[in-house]
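Right, one structure below, let's go through it.
Residue numbers (the numbering used here): 763 to 1285.
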């Protein structure tokens, strides 16, 4: 009952804060921060409305700085500006791209008239919104291969970066309408004369120090670079990272885990989402140094000294992996088929949020990795999660051609989720087994957290638990249902949460074998 009590106290405190704000005893900004961090609001999130005008998968959603306009891009190559509160499209225009749009962002302090985009055609484009609905678009640069992400320098109306599957990182200044090629990212291959290019999927700028940016792609390392090391006359480049991050068990893994999403918190923590693996949160002191290969003592030192003299470790973990604390981990989602982002959520980044191949949105408590919510966000895959800049609200999109707006408008907190069934469903999805959603035809999935079909449980509740067991699912974690209501006899196996978590931890090859070992296929 501890979890329920905590939610009730949080709600009462919210009412008290509201009263203090109304009488002038609490500043509006303080009120927003206090209330926005409440777990009670997380548990009350539900779909407010759907924005439906695209004719293809919606691959990108992003708010302007004021939070009143949402920009989206799609496989239909259209850019749409939404008044999300009214549920109306304010304007739309063709991006100029010849293939799927992967990202569209407002440039800050441009009166929401400057938008930059990138796409599967490899182009990075600039769109300028004029009077009377006129839009001028132009190509700024061309990558060789798809361009999944850009990063906008905080507070700058001119500066942003792009990264592509060609491994190239480019720097843009809209005052010149041209790109500067910074470097091509290459993998860490100890003793190899040839270091292969790393196709890049994600880039993010540190909001506390915009000189630092992180990139990641098809290998296991998230790399930090310092733009101040680049000399604009071209005499040197910033192609060497200042630090690298990777969970210890993935270092040197020959299976080839890649990274699909990056995000910095306001306190410079780095959030890294791996495909076929989990999400990890790194603090600044958990870095591996500029060269994570364990070949020699010098490789773990800063490269600023050309002869290797007077070198000092860039971090304690650089020379002694055992001294490095492990990052916080967030488990349960499925990230295998598409390039998914990951985000912080809450006024002080109190939560971590991600989409999943299973069509659900996952929300974890940042500090301890506790899974708080699992919400159905798409009938196929949720790729994009965009938190509102200052209020407790989320925009999500995926394979479906609409955008869903989530607000804490539910009258009651969501019931606890049966975590074991969520993990098992993702487990079966990896093995191409049955993975069904609510098919009762009532079209009310905006209020459904989890609704898995179960032949033995026709009167199961929305959270996947029998009604008679619902009162028992009130432990402190407040996410598990009673184990007695989980029956896997029809699946030919009896798999525990530990078995399933171990399964998801392993590589894609080992996953398939592990699944066959613990759960024989249906006949």
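Don't be surprised by glycine CBs; every beta carbon is placed ideally from N, CA and C.
How far does the beta strand (DSSP E) with residue i in it reach, from first residue to last?
i	result
residue 1119	No beta strand (DSSP E) contains residue 1119, which DSSP labels as neither H nor E.
residue 977	974–979
residue 803	Counting along the chain, residue 803 falls outside any beta strand (DSSP E), though it belongs to the alpha helix (DSSP H) covering 801–804.
residue 1160	1156–1160
residue 923	921–925
residue 946	940–946
residue 814	808–814
residue 1104	1104–1107
residue 855	850–856
residue 1033	1032–1036
residue 1166	1164–1169
residue 889	885–891
residue 934	930–935
residue 876	876–881
residue 1040	Counting along the chain, residue 1040 falls outside any beta strand (DSSP E), and DSSP gives it neither H nor E.
residue 963	962–967
Have a look at residue i and residue j and give me their C-alpha separation to the nearest angstrom.
i	j	result
residue 974	residue 989	6 Å
residue 833	residue 843	5 Å
residue 1003	residue 849	44 Å
residue 1031	residue 977	14 Å
residue 1157	residue 1118	15 Å
residue 778	residue 824	33 Å
residue 1092	residue 1045	15 Å
residue 802	residue 808	12 Å
residue 947	residue 984	11 Å
residue 901	residue 885	7 Å
residue 1150	residue 856	25 Å
residue 979	residue 1175	38 Å
residue 892	residue 939	17 Å
residue 863	residue 813	18 Å
residue 941	residue 1086	38 Å
residue 1090	residue 896	47 Å
residue 1122	residue 1099	14 Å
residue 1038	residue 818	26 Å
residue 867	residue 877	6 Å
residue 1140	residue 921	34 Å
By DSSP, does residue i sit in helix, in strand, or in coil?
i	result
residue 840	strand
residue 1010	helix
residue 911	strand
residue 778	helix
residue 828	coil
residue 1148	strand
residue 845	strand
residue 1098	coil
residue 1331	Residue numbering for the chain in the displayed model covers 763 to 1285; residue 1331 lies beyond these limits and cannot be assessed.
residue 869	coil
residue 990	helix
residue 1047	helix
residue 1132	coil
residue 1093	coil
residue 1183	helix
residue 835	strand
residue 895	helix
residue 818	coil
residue 1018	coil
residue 798	helix
residue 982	coil
residue 784	helix
residue 1026	strand
residue 1143	coil
residue 1127	strand
residue 1112	coil
Who are the Cβ neighbours of residue i in its own chain at under 7 Å, not counting the five residues just before and after it?
i	result
residue 798	1108, 1109, 1153, 1154
residue 1035	1021, 1022, 1023, 1041, 1097, 1102, 1104, 1116
residue 804	1113, 1125, 1134, 1135
residue 784	none
If I measure Cβ to Cβ from residue i and keep anything under 6 Å in the same chain, skipping five residues before and after, which residues do I get?
i	result
residue 816	836, 838, 1163
residue 1012	982, 1019
residue 898	890
residue 972	915, 916
residue 1169	810, 1155
residue 1005	986, 1049
residue 820	834, 836, 1159, 1165
residue 871	919
residue 970	1030
Spatial neighbours of residue i within its chain, please: CB distance less than 8 Å, with the 5 preceding and 5 following residues excluded, ordered by chain position.
i	result
residue 1111	1027, 1028, 1029, 1031, 1128
residue 847	830
Heavy atom of the ligand FMN less than 7 Å from the Cβ of residue i, yes or no?
i	result
residue 1138	Here there are no bound small molecules, and the ligand FMN is not part of this structure.
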